[in-house]
Structure formats: C-alpha cells, structure tokens
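Chemist:
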Amino acid sequence: MCLRIVVVGGGYIGFFLAKYFARRGDRVVVVEKRKPLCDKIAKKIDATVFCGDATRVEVLEDAEVDKADVLLAVTGRDSVNIRVAELAKKRFGVPLVVVRVDEAENTRKAIEAGADKVVCMDDFAEYFARVVTAKGYRYLSSFNGEAILEVDVPPDSPVIGQDAREIESRGVRLLLAVQDGRPVIPSSGYVVKADDKLIVFGRKEDLEEFLDFAFSG
Numbered sequence: 024m025c026l027r028i029v030v031v032g033g034g035y036i037g038f039f040l041a042k043y044f045a046r047r048g049d050r051v052v053v054v055e056k057r058k059p060l061c062d063k064i065a066k067k068i069d070a071t072v073f074c075g076d077a078t079r080v081e082v083l084e085d086a087e088v089d090k091a092d093v094l095l096a097v098t099g100r101d102s103v104n105i106r107v108a109e110l111a112k113k114r115f116g117v118p119l120v121v122v123r124v125d126e127a128e129n130t131r132k133a134i135e136a137g138a139d140k141v142v143c144m145d146d147f148a149e150y151f152a153r154v155v156t157a158k159g160y161r162y163l164s165s166f167n168g169e170a171i172l173e174v175d176v177p178p179d180s181p182v183i184g185q186d187a188r189e190i191e192s193r194g195v196r197l198l199l200a201v202q203d204g205r206p207v208i209p210s211s212g213y214v215v216k217a218d219d220k221l222i223v224f225g226r227k228e229d230l231e232e233f234l235d236f237a238f239s240g
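In this text, residue positions in the sequence shown follow this note's numbering: the first is 24, and each later residue adds one.
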C-alpha cells in the first residue's frame, strides 16, 4: 500500500526518513524552511519539496497536508514540532501524527497538541545507534540535550580539508579523531581526510546541523 507521507524538517533525520519512505515507494512530501536543504533534498530524493515555515497554515495547505496519511514532525525545535502536530491533527485531520521532541518534559505537550506518537530524541538516538549505523554516524552518549557522536567522514564530505578550528566554528567540539586507524588529538596541525572518524560533542541541534553539513557532499 502506497502512503502519502509528509516529513516536516529536512535535517539529517528528516532527510533519512524521506529517503527511506521514497525508496519504499511511498509518496513523500518534505516541508523545510532552509532553502539549501530544500535544494539538496529535491536533488537527491524522489520527493515533493516545499520551502517554507511549517507553522504557517498556508504552507501546510500548499503541501496538501489534508491528504496525508502520516505526518512526521522532526525539526530540531520542539515548539515547532508541537505546533505542526496541532495543525496537522486539529485543522487538517491527519490520521497519524508522529512528533520528535528533544526534551522529555515536552512529551505531554505534544500529545495534548494532537500527536499520536511522540519519540523523545534520547530514544531516537538509541534507535539510530542500533538501526542507522551504516548511514555514517553513531550516538556514543546522550544526556541533558547534549550528545557525543562518532562520525565517519564520507569521501565527498565538505569537512575534508578542514582543521579543528573550522569544525568547531559550527558549534560542536571535536574531541578526538581517528586517521589511518590511529587516534589523533585534534590540534592546529590536524586536517580532516576522507574516511576519518570524528568524535564530536555538542548540543543536539548543533550536532544535527553539523551532520547536515558533513553529509551534504
């Protein structure tokens, strides 16, 4: 059965979900606010992409959310996901609304807004660590809105050639690198190469933006 699935949020998680459902043969619609991500998704995934603020009714109307079987609200902001859930369920009558929250205390708010299923980011991280390891990163630890990731640098990644200072300018901290099978303490002399492993720490929203960049090649 082919489903119409609306994914709100085109970051790394939204990108993966959209790609998965599109490959499965579902009709996928992505709503994302940032134009560079919209362009990337349109180029790499068989999906209809709407570039706009999903908390605005007219954007959801353009995306024909009223025809959706499933809506996944997976942006990096709980307030946005909760508002989208409210509109999807109460205004557009979407049968199944799934919401990502980064803070566990927002779970009840999401349910009250209309979410049928709420996935806390800590649980999402655990799920991705088990299931999506092959996609290029693993959660090593997650706590209080922050996390430590191990990232495999793909051969076409824009982080190749960057040093620790350039990486950390994106709001994450580079704790350790593994290059040619040997651990490296990041210093002014370290430069990222393809197939390096990077151990990075930061807030989850900053880490997600770093992943968007690292895998945008």
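A virtual CB, placed ideally from N, CA and C, is assigned to each residue, including glycine. It should be emphasised that the depicted structure is a prediction, and the values quoted were computed from it without experimental measurement.
Where do the N-terminal and C-terminal ends of the beta strand (DSSP E) with residue 172 fall, by residue?
Modeler: Taking the sequence shown and counting its residues from 1, the one referred to as residue 172 is at position 149. Residues 169 to 175.
Chemist: Using a Cβ-Cβ cut-off of 6 Å (strictly less than) and excluding sequence neighbours within five positions of residue 72, which residues of its own chain qualify?
Modeler: Sequence index remark: in the sequence shown, residue 72 carries index 49 (1-based). So the qualifying residues of the chain are 53, 61, 64, 65.
Chemist: Grab me the residues of residue 59's own chain with a C-beta within less than 7 Å of its C-beta, minus the 5 sequence neighbours each way, in chain order.
Modeler: The residue you call residue 59 lines up with position 36 of the sequence shown. Excluding sequence neighbours, residue 59 sits near nothing in its chain.
Chemist: Report buried or exposed for residue 206, applying the criterion of at least 16 other Cβ atoms within 10 angstroms of its Cβ.
Modeler: Here residue 206 is taken as the residue at index 183 of the sequence shown, counted from 1. Residue 206 comes out exposed.
Chemist: Give the range of the beta strand (DSSP E) segment to which residue 61 is assigned.
Modeler: Along the sequence shown, read from residue 1 onward, the residue named residue 61 stands at position 38. No beta strand (DSSP E) contains residue 61, which is instead part of the alpha helix (DSSP H) from 58 to 67.
Chemist: Excluding the 5 residues preceding and the 5 following residue 26 in the sequence, name in chain order all residues of the same chain whose CB lies nearer than 8 Å to its CB.
Modeler: Within the sequence shown, residue 26 is the residue found at index 3, counting from 1. So the qualifying residues of the chain are 44, 49, 50, 92, 93.
Chemist: Does DSSP put residue 86 in a helix, in a strand, or in coil?
Modeler: As a working note, residue 86 is residue 63 in the sequence shown. It is coil, neither helix nor strand.
Chemist: Under the assumption that residue 120 contacts residue 139 (Cβ atoms under 8 Å), give the Cβ distance between them as a whole number of angstroms.
Modeler: Position 97 of the sequence shown, counted from the start, is the residue given in the question as residue 120. Position 116 of the sequence shown, counted from the start, is the residue given in the question as residue 139. Rounded, the Cβ-Cβ distance is 5 Å, consistent with contact.
Chemist: Ignore the nearest five residues each way along the sequence and tell me which others in residue 224's own chain have a CB closer than 6 Å to its CB.
Modeler: The residue labelled residue 224 in the question sits at position 201 within the sequence shown. So the qualifying residues of the chain are 171, 196, 198.
Chemist: What are the partner residues of residue 50, as DSSP defines its beta bridges?
Modeler: Residue mapping note: residue 50 aligns to position 27 of the sequence shown, counting from 1. DSSP lists 27 as partners of residue 50.
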